Every structure is written in C-alpha cells, then in structure tokens.
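Residue numbers (my numbering): 1404 to 1844. No residue lacks a Cβ here, since even glycine has one placed at the ideal position from N, Cα and C. Bear in mind the structure is a predicted one, so any value in this text is a computation, not a measurement. Take a look at the structure below.
Encoded structure:
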C-alpha cells in the first residue's frame, strides 16, 4: 500500500525546437525549465555564451520550448527522447564531437571538511527529495556556500540545469566543486570537465568509465560522502589527508618569556633530540600554521630559529604582555598561543579550537585545574581591552575575560580529544625535563 500522503514525483515532456528545427524531447521535472534548456544547448555545443541565445521561451502547459540561437543548427539531427538519466542523449553536434575537453587546473587544495560541508548543504537544500523521494539533486560549492542548486528526475538533467543557470547568471564554474546526490556517470564526468569543474563529490559510487574520464581530465572524483567518510578515486593530492593542511587565517605564537626559576636555566634552550627544546615545539607549530612567531624579551638568544621573533611592548608583564605583543605583530586576525614549555601539543585539539574561532574573541579550553589560557585562540579585537588591563597593572591572562566574548571548551569535550589532558602538561623542573627527554612522559 502507498501512504495516502505520499506525493508522486512529477515529470513533464518538453519538445525542444531550435531555429525552427525539432531537436529533442526532454523528460524532466517541471520547474526552472529555462535553465535546463539553456544548459542542454550549452552541453551540446550549440551555444557557448548567454549572447548566443537570441530568444528562449518555455510553455509548461503545452510542453514546448522554442529557442533561437546565433548561427545554424547542424543538419541531419534526429529528434531524440531523453530523460536525462541512464545513458543520456544519442546525438552529437558535429562541431562539438571530438572537441577536447579542457582539463581543469590543479586549483586550490580542498580540505576534507569542505567536502563534508558541501554535501551537508546539498542535503539541506534538497526539499523535493524530502517531500517525495526519487529525485536527484546537484549543486556547485565555492568553498563556503552553494552557489547554484538544481533538482530533477534525471541525474544528467541536474548537470544541464547547473550549466544553464551558470550561463544565464554569469557564474564561472572553473575550479568549483560539483556535489551530487546520485551516481556519477561517464557523461556527467565529461560535462563537468567541459565546465571546468575541479572536484566532483557524490553520495554514492561513480561508474568505472567516470573514474577513467576524471583521471584523464585532472578532476578529483570523490564518492560515498556520508557522515565524515568518503572515498577518493582520482587525483587524491588535491584533498590533503585530515590533519595535514595548515590552518588558514591564524598565526601560531610561542611565548618564550618565562623566568624558568624552578628549572634553573632557560627551558626553551634545553637540549632535546639533537636540537633545543623550543625547536621541537616550533616544528609542530609550523606543521599547523603558515606563520609562527616567537615572543621573547631577548630575541638575540633565539637567532637560530627560522621564524620571526618579537619583543614585549609591556616588559615584565608576563604571558599577558606576550599575548599583547603577538596580537600587535601578527599578520593574521587571530593567533593561537602556546607556552614554550608545553611539548605535548595535540594537533587535533588545536585544530578544533581554531575551528571555533569565529564564535568568540577568545577560545580557551578547560583542563583539570581550570582554564588553559596559554593554549588558546585570541582575536585582535581584544587588543584595546588587553592594553587597558596591562596599563592598570594586571598581568593575569584571564583578568580581561569578563569584558570580551569567551568560548570555553569544556573539560569533557577536551578529554574526548586528548585523554588525560596531556596537551596542557608543561615542563617546570629538572626531574620533569629528564623524564620527558628520556621518553618517560
């Protein structure tokens, strides 16, 4: 039995006439048919720009579309019935057949989170599928949002719709990400290549021929994007493995201004693994951030470090003075701060803290003993408050937190990523140093 409230998927036949020549009958979903028609003609090589369309009219009631284009329609075309699914259409325009598809450039790297966000956005936009099922959706993602979106009963129709929408709205698809709900076929891969798409991601698997075509065209093809998992079939280097790409828009900061009274000597300069203690921390930070700076009262002592070194503008004011100097000198809107005696940095925790940076002026985790302000993210907007705090003689880092927006990452959330809170453990005494150096901690 079919539930009484189930709404069947609608489909309509659209007879397409171009310059008076019956070209094809498109079987499609009834909405936004002008995008479908324009994209169909673009994909068949009959038009290349919006200026090639002289007139385009669609009548849903009569099931017809009439188009006038610049130039002539090639002779000898047999009218074709196509549903936009399965194998697609059966004719090829002579001047388009055999024309090499322009392989996309390498384009920017695409973090795994971007693919996951794009697929989530496609799912949220797919109203028709939620209402009735049995309909395909596709979209174009620019790294932050869906630029274009299409739904249709035919998988291939969704690509034509996107091609037409991009043509009529002036959107350049070069280097963009195509996300689709259905199986990627060879024809869909070829169409995406002709549009300059650099990455195709689908909720299901591609065909073997689609994999071959994407490999030849330089397209990264991704399948089974579900939850936080996916398979990469071609050109995987465009999608760096999780945790290998650097965090954009945030400068890494190492505070090296402590007095090291319990250690008896400068902790940052203690020997470790053939170098100095601070060098190991710098290497870890350089894996995470494009820019890393060291804040110290004595820059000359750290000339061996291949990074920028800056001095406190409020000498003698401890870690808060160092945070102030880092905010002043940073080339980014935000900084991630760590002390030079915290060798157990956890990249997953740091990345998670940085991912929360849009939500507040300060993002700080909670450890066993309370907040950990020397393992936190700070926005430049806090500079006036920090300066006022320092001028008032206050040097505790948390002393200004009540005047800015602070996002506290709970102990429970931290421990899920770093069991035992090891990331916050520092080296204060010779005994702790020897134990760490010898691999006991």
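Give the range of the beta strand (DSSP E) segment to which residue i is assigned.
i	result
residue 1778	1778 to 1782
residue 1615	It is not in any beta strand (DSSP E) - residue 1615 instead sits in the alpha helix (DSSP H) that spans 1611 to 1620.
residue 1737	1737 to 1742
residue 1629	1623 to 1629
residue 1553	1549 to 1555
residue 1604	1602 to 1605
residue 1712	1711 to 1713
residue 1809	1809 to 1812
What does the Cβ neighbour count give for residue i, buried or exposed, with the cut at 16 atoms within 10 Å?
i	result
residue 1572	exposed
residue 1734	exposed
residue 1563	buried
residue 1751	exposed
residue 1607	exposed
residue 1596	buried
residue 1805	exposed
residue 1554	buried
residue 1452	exposed
residue 1605	buried
residue 1509	Bear in mind that a pLDDT of 44 at residue 1509, under 50, signals an unreliable position, so the number given afterwards is only what the model happens to contain. Answer is exposed; the Cβ neighbour count stays below 16.
residue 1584	buried
residue 1816	exposed
residue 1540	buried
residue 1612	exposed
residue 1502	Legend: pLDDT at residue 1502 = 41, less than 50; position of this residue unreliable, value from coordinates given subsequently. Classification of residue 1502: exposed, given that the 10 Å Cβ count is below 16.
residue 1823	exposed
residue 1523	exposed
Residues in its own chain within less than 6 Å of residue i by CB, not counting five upstream and five downstream?
i	result
residue 1760	1737, 1766 and 1780
residue 1476	1421, 1422 and 1424
residue 1688	1655 and 1695
residue 1413	1433
residue 1802	1792
residue 1586	1607
residue 1568	1438 and 1551
residue 1469	1420 and 1460
residue 1638	1623
Grab me the residues of residue i's own chain with a C-beta within less than 7 Å of its C-beta, minus the 5 sequence neighbours each way, in chain order.
i	result
residue 1457	1471, 1472 and 1473
residue 1600	1507, 1576, 1579, 1581 and 1622
residue 1753	1691 and 1739
residue 1415	1431, 1433, 1463 and 1466
residue 1910	Because the chain spans 1404 through 1844 in this model, residue 1910 falls outside it and cannot be assessed.
residue 1650	1691, 1692, 1754 and 1757
residue 1763	1808, 1809 and 1810
residue 1609	1586, 1587, 1624, 1626 and 1636
residue 1652	1735, 1736 and 1737
residue 1790	1727
residue 1685	1657, 1695, 1708 and 1710
residue 1631	1519
residue 1495	Confidence in residue 1495 is poor, its pLDDT being 41 and thus under 50, which makes the residue's placement unreliable; the coordinate value appears in the next sentence. Nothing meets the Cβ criterion.
residue 1441	1456, 1459, 1567, 1570 and 1571
residue 1788	1803, 1806 and 1807
residue 1732	1696 and 1713
Checking the sheet assignment: what are the DSSP bridge partners for residue i?
i	result
residue 1462	1467
residue 1655	1695 and 1739
residue 1425	1420
residue 1774	1769
residue 1586	Bridge partners of residue 1586: none, in fact.
residue 1415	1431
residue 1543	1551 and 1581
residue 1472	1456
residue 1650	1692
What span of residues does the alpha helix (DSSP H) with residue i cover, start to end?
i	result
residue 1793	1786 to 1794
residue 1634	No alpha helix (DSSP H) contains residue 1634, which is instead part of the beta strand (DSSP E) from 1632 to 1637.
residue 1522	1515 to 1528
residue 1721	1721 to 1732
residue 1559	1558 to 1572
residue 1357	The first residue shown for the chain is 1404 and the last is 1844, placing residue 1357 beyond what the model contains.
residue 1798	Per DSSP, residue 1798 belongs to no alpha helix (DSSP H) and is neither H nor E.
residue 1756	1750 to 1758
Suppose the cutoff is 8 Å on Cβ atoms and the five residues either side in sequence are ignored; what does the same chain contact list for residue i look like?
i	result
residue 1825	1747 and 1749
residue 1446	1562, 1563, 1566, 1594 and 1597
residue 1548	1524
Counting pairs of beta carbons, one from the segment 1769 to 1786 and one from the segment 1700 to 1717, are three or more of them closer than 8 Å? Fewer than three Cβ pairs drawn from the segment 1769 to 1786 and the segment 1700 to 1717 lie within less than 8 Å of each other, which leaves the two stretches out of contact.
Do three or more CB pairs link the segment 1795 to 1811 to the segment 1714 to 1733 at distances below 8 Å? Cβ pair count under 8 Å is three or more, so yes.
Quick one: any contact between the segment 1802 to 1813 and the segment 1767 to 1774, if contact means 3 or more CB pairs under 8 Å? Here the segment 1802 to 1813 lies against the segment 1767 to 1774, with 3 or more beta-carbon pairs under 8 Å apart.
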